[in-house]
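Single-structure report; data block below.
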Amino acid sequence: MSLVPDSPLARRVAPSPNHGERRGQRPDMLILHYTGMASGAAALARLRDPLSEVSAHYLVFEDGGIVQMVPEARRAWHAGQGAWKGVRDLNSCSIGIEIVHPGHAGGLPPYPDAQVAAVIALSRDILERWPIPPERVLAHSDVAPERKEDPGETFPWERLAAAGVGHIVPPAGLRDGRFFAQGDAGQPVEALQAMFALYGYDLSVTGTFDARTHAVVTAFQRHFRQARVDGVADASTITTLRDLIAALPA
(Lines of atoms letter the chains of each structure in order from A; the text may use other names.)
(Lines give C-alpha, C1' and ligand atoms only; values in the text may rest on other atoms or scores of the structure.)
Protein backbone atom coordinates (compact mmCIF):
# COMPACT_ATOMS: atom_id res chain seq x y z
CA MET A 1 0.00 0.00 0.00
CA SER A 2 1.30 3.43 -0.91
CA LEU A 3 0.90 5.69 2.10
CA VAL A 4 1.08 9.47 1.98
CA PRO A 5 1.27 10.82 5.54
CA ASP A 6 -1.76 12.73 6.75
CA SER A 7 0.35 14.62 9.25
CA PRO A 8 3.43 16.68 8.39
CA LEU A 9 4.75 15.59 11.79
CA ALA A 10 5.19 11.98 10.67
CA ARG A 11 8.90 11.58 10.01
CA ARG A 12 8.34 8.42 8.05
CA VAL A 13 5.71 5.96 6.98
CA ALA A 14 5.72 2.22 7.60
CA PRO A 15 2.51 0.84 6.08
CA SER A 16 0.62 -1.83 7.98
CA PRO A 17 -1.71 -4.23 6.14
CA ASN A 18 -3.99 -4.35 9.17
CA HIS A 19 -6.83 -1.97 8.32
CA GLY A 20 -10.17 -1.79 6.53
CA GLU A 21 -13.08 0.41 5.56
CA ARG A 22 -14.59 2.69 8.19
CA ARG A 23 -18.04 1.20 7.57
CA GLY A 24 -19.62 4.55 6.83
CA GLN A 25 -18.22 6.25 9.95
CA ARG A 26 -15.91 9.24 10.37
CA PRO A 27 -13.44 9.68 13.19
CA ASP A 28 -14.92 11.49 16.17
CA MET A 29 -12.73 9.92 18.83
CA LEU A 30 -8.99 9.81 19.55
CA ILE A 31 -7.71 6.87 21.60
CA LEU A 32 -4.25 6.81 23.18
CA HIS A 33 -2.40 3.59 23.94
CA TYR A 34 0.97 2.43 25.19
CA THR A 35 2.74 -0.38 23.38
CA GLY A 36 3.70 -2.35 26.51
CA MET A 37 6.66 -3.90 24.71
CA ALA A 38 10.41 -3.94 25.21
CA SER A 39 11.22 -1.63 22.31
CA GLY A 40 9.70 0.59 19.68
CA ALA A 41 11.16 -1.59 16.96
CA ALA A 42 9.38 -4.65 18.36
CA ALA A 43 6.12 -2.71 18.60
CA LEU A 44 6.41 -1.44 15.04
CA ALA A 45 7.06 -4.96 13.77
CA ARG A 46 3.98 -6.29 15.57
CA LEU A 47 1.75 -3.46 14.37
CA ARG A 48 2.77 -4.30 10.80
CA ASP A 49 2.56 -8.09 11.10
CA PRO A 50 -0.52 -9.41 9.27
CA LEU A 51 -0.68 -12.33 11.70
CA SER A 52 -1.04 -10.00 14.69
CA GLU A 53 -4.25 -8.44 13.35
CA VAL A 54 -3.49 -5.23 15.26
CA SER A 55 -2.41 -1.80 14.09
CA ALA A 56 -2.74 1.90 14.83
CA HIS A 57 -2.64 5.02 12.75
CA TYR A 58 0.51 6.35 14.44
CA LEU A 59 3.40 5.22 16.62
CA VAL A 60 5.27 7.78 18.74
CA PHE A 61 8.79 6.88 19.86
CA GLU A 62 10.56 8.00 23.05
CA ASP A 63 12.57 10.65 21.20
CA GLY A 64 9.43 12.15 19.69
CA GLY A 65 9.74 10.49 16.31
CA ILE A 66 6.38 9.76 14.69
CA VAL A 67 5.64 6.95 12.24
CA GLN A 68 2.33 6.66 10.38
CA MET A 69 1.16 3.13 9.59
CA VAL A 70 -2.47 3.49 8.48
CA PRO A 71 -4.19 6.39 6.67
CA GLU A 72 -6.53 8.33 8.94
CA ALA A 73 -9.38 7.71 6.50
CA ARG A 74 -9.02 3.96 7.07
CA ARG A 75 -10.10 1.80 10.01
CA ALA A 76 -7.04 0.72 11.98
CA TRP A 77 -7.36 -2.22 14.36
CA HIS A 78 -6.31 -0.71 17.68
CA ALA A 79 -9.25 -0.48 20.07
CA GLY A 80 -10.50 -4.06 20.13
CA GLN A 81 -13.55 -5.02 22.16
CA GLY A 82 -14.90 -2.10 24.13
CA ALA A 83 -17.44 0.71 24.12
CA TRP A 84 -17.95 4.40 24.80
CA LYS A 85 -21.24 6.26 24.95
CA GLY A 86 -22.98 3.15 23.63
CA VAL A 87 -20.74 2.83 20.57
CA ARG A 88 -19.10 -0.59 20.26
CA ASP A 89 -17.42 -0.44 16.87
CA LEU A 90 -14.75 1.90 18.17
CA ASN A 91 -12.26 1.26 15.39
CA SER A 92 -14.65 2.66 12.78
CA CYS A 93 -15.03 6.02 14.54
CA SER A 94 -11.60 6.57 16.08
CA ILE A 95 -7.98 7.37 15.37
CA GLY A 96 -5.44 5.42 17.40
CA ILE A 97 -2.03 6.58 18.61
CA GLU A 98 0.35 4.00 20.06
CA ILE A 99 3.03 5.41 22.37
CA VAL A 100 6.26 3.45 22.80
CA HIS A 101 6.39 2.63 26.52
CA PRO A 102 7.11 -0.53 28.56
CA GLY A 103 3.82 -0.22 30.41
CA HIS A 104 2.84 -1.58 33.79
CA ALA A 105 4.89 -4.74 33.25
CA GLY A 106 7.93 -2.53 32.72
CA GLY A 107 7.46 -0.53 35.91
CA LEU A 108 5.40 2.31 34.37
CA PRO A 109 8.23 4.86 34.12
CA PRO A 110 7.50 8.53 33.35
CA TYR A 111 6.90 9.37 29.72
CA PRO A 112 9.85 11.33 28.23
CA ASP A 113 9.24 15.03 27.65
CA ALA A 114 10.09 14.80 23.95
CA GLN A 115 7.58 12.00 23.51
CA VAL A 116 4.82 13.85 25.35
CA ALA A 117 5.47 16.96 23.28
CA ALA A 118 5.17 14.87 20.11
CA VAL A 119 1.91 13.28 21.26
CA ILE A 120 0.52 16.74 21.98
CA ALA A 121 1.60 18.12 18.61
CA LEU A 122 0.27 15.10 16.72
CA SER A 123 -3.03 15.16 18.61
CA ARG A 124 -3.51 18.86 17.90
CA ASP A 125 -2.77 18.23 14.24
CA ILE A 126 -5.34 15.41 14.11
CA LEU A 127 -7.95 17.54 15.88
CA GLU A 128 -7.59 20.19 13.20
CA ARG A 129 -8.68 17.66 10.56
CA TRP A 130 -11.44 15.79 12.36
CA PRO A 131 -14.43 16.88 14.50
CA ILE A 132 -13.21 15.25 17.72
CA PRO A 133 -14.48 17.02 20.86
CA PRO A 134 -12.20 17.25 23.92
CA GLU A 135 -14.23 14.75 25.94
CA ARG A 136 -13.68 12.11 23.25
CA VAL A 137 -9.90 12.09 23.61
CA LEU A 138 -9.66 8.90 25.63
CA ALA A 139 -7.40 6.28 27.12
CA HIS A 140 -7.57 2.72 25.86
CA SER A 141 -8.43 1.78 29.44
CA ASP A 142 -11.46 4.11 29.35
CA VAL A 143 -13.08 2.18 26.51
CA ALA A 144 -11.95 -1.30 27.63
CA PRO A 145 -11.62 -1.07 31.42
CA GLU A 146 -11.64 -4.79 32.14
CA ARG A 147 -9.03 -5.57 29.49
CA LYS A 148 -6.66 -2.63 29.29
CA GLU A 149 -4.59 -0.38 31.56
CA ASP A 150 -2.97 1.92 29.02
CA PRO A 151 -1.59 4.50 28.76
CA GLY A 152 -1.57 4.26 32.55
CA GLU A 153 -1.51 6.51 35.56
CA THR A 154 1.85 8.12 34.76
CA PHE A 155 0.59 9.53 31.49
CA PRO A 156 0.42 13.35 31.84
CA TRP A 157 -3.12 14.10 30.72
CA GLU A 158 -2.92 17.51 32.37
CA ARG A 159 -0.16 18.54 29.97
CA LEU A 160 -2.31 17.55 27.02
CA ALA A 161 -5.30 19.45 28.39
CA ALA A 162 -3.17 22.55 28.95
CA ALA A 163 -2.34 22.39 25.24
CA GLY A 164 -5.98 22.04 24.24
CA VAL A 165 -6.10 18.25 23.93
CA GLY A 166 -8.62 16.34 26.01
CA HIS A 167 -11.05 17.07 28.82
CA ILE A 168 -10.00 17.04 32.46
CA VAL A 169 -10.65 18.98 35.65
CA PRO A 170 -8.30 19.47 38.62
CA PRO A 171 -8.69 16.26 40.63
CA ALA A 172 -10.14 16.61 44.10
CA GLY A 173 -7.61 16.02 46.85
CA LEU A 174 -7.46 12.77 48.78
CA ARG A 175 -9.45 12.99 51.99
CA ASP A 176 -11.43 10.93 54.43
CA GLY A 177 -15.10 10.38 53.80
CA ARG A 178 -17.62 7.84 52.65
CA PHE A 179 -16.45 5.41 50.01
CA PHE A 180 -17.79 2.51 47.99
CA ALA A 181 -15.95 -0.66 47.06
CA GLN A 182 -16.53 -4.04 45.52
CA GLY A 183 -19.37 -5.86 47.27
CA ASP A 184 -21.30 -2.75 48.28
CA ALA A 185 -24.86 -2.31 47.07
CA GLY A 186 -27.72 0.12 47.24
CA GLN A 187 -29.04 3.37 45.86
CA PRO A 188 -25.77 5.31 46.30
CA VAL A 189 -23.95 2.72 44.19
CA GLU A 190 -26.71 2.98 41.60
CA ALA A 191 -26.25 6.76 41.49
CA LEU A 192 -22.49 6.34 41.14
CA GLN A 193 -22.88 3.91 38.24
CA ALA A 194 -25.32 6.29 36.56
CA MET A 195 -22.74 9.09 36.70
CA PHE A 196 -20.04 6.93 35.13
CA ALA A 197 -22.47 5.85 32.41
CA LEU A 198 -23.47 9.47 31.82
CA TYR A 199 -19.87 10.44 31.23
CA GLY A 200 -19.47 7.63 28.71
CA TYR A 201 -18.22 4.50 30.44
CA ASP A 202 -19.84 1.21 29.45
CA LEU A 203 -21.39 0.40 32.82
CA SER A 204 -24.82 -1.02 33.64
CA VAL A 205 -26.72 0.63 36.47
CA THR A 206 -27.41 -2.31 38.78
CA GLY A 207 -26.91 -0.89 42.26
CA THR A 208 -24.22 -3.50 42.97
CA PHE A 209 -20.53 -2.56 43.07
CA ASP A 210 -19.35 -5.53 41.03
CA ALA A 211 -16.09 -6.37 39.27
CA ARG A 212 -17.10 -4.31 36.24
CA THR A 213 -17.72 -1.25 38.42
CA HIS A 214 -14.35 -1.77 40.10
CA ALA A 215 -12.68 -1.86 36.68
CA VAL A 216 -14.44 1.33 35.56
CA VAL A 217 -13.48 3.19 38.74
CA THR A 218 -9.88 2.05 38.27
CA ALA A 219 -9.85 3.24 34.66
CA PHE A 220 -11.33 6.57 35.69
CA GLN A 221 -8.64 7.03 38.33
CA ARG A 222 -5.87 6.21 35.85
CA HIS A 223 -7.06 9.05 33.63
CA PHE A 224 -8.64 11.64 35.90
CA ARG A 225 -7.51 11.06 39.54
CA GLN A 226 -4.05 9.54 39.41
CA ALA A 227 -2.99 10.13 43.03
CA ARG A 228 -4.33 6.73 44.08
CA VAL A 229 -5.47 4.01 41.69
CA ASP A 230 -7.25 1.32 43.67
CA GLY A 231 -10.74 0.93 42.22
CA VAL A 232 -12.35 2.32 45.38
CA ALA A 233 -14.87 5.10 44.79
CA ASP A 234 -13.72 7.41 47.56
CA ALA A 235 -14.79 11.01 48.13
CA SER A 236 -12.01 12.36 45.91
CA THR A 237 -12.97 10.09 43.00
CA ILE A 238 -16.67 10.90 43.26
CA THR A 239 -16.06 14.65 43.51
CA THR A 240 -13.73 14.56 40.51
CA LEU A 241 -16.35 12.66 38.50
CA ARG A 242 -19.05 15.18 39.42
CA ASP A 243 -16.78 18.08 38.49
CA LEU A 244 -15.91 16.42 35.19
CA ILE A 245 -19.58 15.96 34.28
CA ALA A 246 -20.33 19.55 35.27
CA ALA A 247 -17.54 20.73 32.96
CA LEU A 248 -18.95 18.97 29.90
CA PRO A 249 -20.07 21.30 27.13
CA ALA A 250 -23.78 22.06 27.18
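So in the UniProt record's numbering the end of the sequence shown lands on 250, straight run, no missing numbers. Built from N, CA and C at the ideal position, the CB exists for glycine as well.
Nearest to residue i (by Cα), restricted to the options the options
i      : options                          : result
Pro156 : Gly36, Tyr111, Ala118 and Pro133 : Tyr111
Ser123 : Thr240, Ile95 and Arg178         : Ile95
Gly166 : Asp28, Ala211, Pro134 and Pro50  : Pro134
Phe209 : Gln221, Ala233 and Arg222        : Ala233
Asp113 : Gly107, Ala105 and His101        : His101
Arg175 : Thr237, Ser55 and Leu241         : Thr237
Gly231 : Arg242, Ala215, Gln81 and Tyr199 : Ala215
His104 : Met37, Arg225 and Leu47          : Met37
Arg212 : Met69, Arg74 and Ala197          : Ala197
Ile66  : His223, His33 and Arg11          : Arg11
Thr218 : Ala162, Leu32 and Arg147         : Arg147
Asp63  : Ala117, Thr154, Arg75 and Ala247 : Ala117
Leu248 : Val169, Gln221 and Phe220        : Val169
Ile99  : Val189, Ser204 and Ala43         : Ala43
Arg8   : Gly86, Ala163, Ile126 and Arg75  : For clarity, residue 8 is Pro in the given sequence; the question names Arg instead. If we check each option's Cα against that of Pro8, Ile126 comes out closest.
Ala73  : Leu244, Pro109 and His19         : His19
Gly86  : Ser204, Glu158, Arg222 and Leu59 : Ser204
In DSSP terms, what residue i is bridged to
i      : result
Leu30  : Ile95 and Val137
Trp84  : Val87
Arg75  : Gly20
Gln226 : According to DSSP, Gln226 bridges with nothing at all.
Arg12  : Val67
Tyr58  : Gln68 and Ile97
Phe180 : Ala233
Ala185 : Thr208
Local Cβ density within 10 Å of residue i, reported as buried at 16 or more and exposed below that
i      : result
Gln193 : buried
Thr206 : exposed
Ser55  : buried
Gly82  : buried
Arg136 : buried
Ser141 : buried
Gly152 : buried
Gln187 : exposed
Ser52  : exposed
Pro27  : buried
Ser16  : buried
Asp150 : buried
Asp202 : buried
Glu21  : exposed
Gly40  : buried
Pro145 : buried
Arg228 : exposed
Arg88  : exposed
Arg129 : exposed
Ala45  : exposed
Ala76  : buried
Proximal residues to residue i (C-beta, below 6 Å), its chain only, five neighbours per side dropped
i           : result
Arg23       : Ser92
Val13       : Leu3, Pro5 and Gln68
Gln182      : Phe209 and His214
His78       : Ala56 and Gly96
Met195      : Leu241
residue 251 : This structure gives no information on residue 251, because the portion of the chain shown stretches from 1 to 250.
Gly177      : Ala235
Leu160      : Ile120 and Gly166
Leu138      : Ile31
Contacting residues, own chain, Cβ-Cβ under 8 Å from residue i (five flanking each side not counted)
i      : result
Arg225 : Pro171, Ala172, Ser236, Thr237 and Thr240
Chain C within 8 Å of residue i, Cβ atoms only
i     : result
Val13 : Absent here is chain C; the protein component of the structure consists of one chain.
Spatial neighbours of residue i in its chain, beta-carbon cut-off 7 Å, leaving aside the 5 residues before and after
i           : result
Asp49       : none
Val189      : Phe180, Gly207, Thr208 and Phe209
Tyr34       : Ile99, His101, Gly103, Asp150, Pro151 and Gly152
Ala163      : Ile120 and Arg124
residue 257 : Not covered by the structure: residue 257. The range shown for the chain is 1 to 250.
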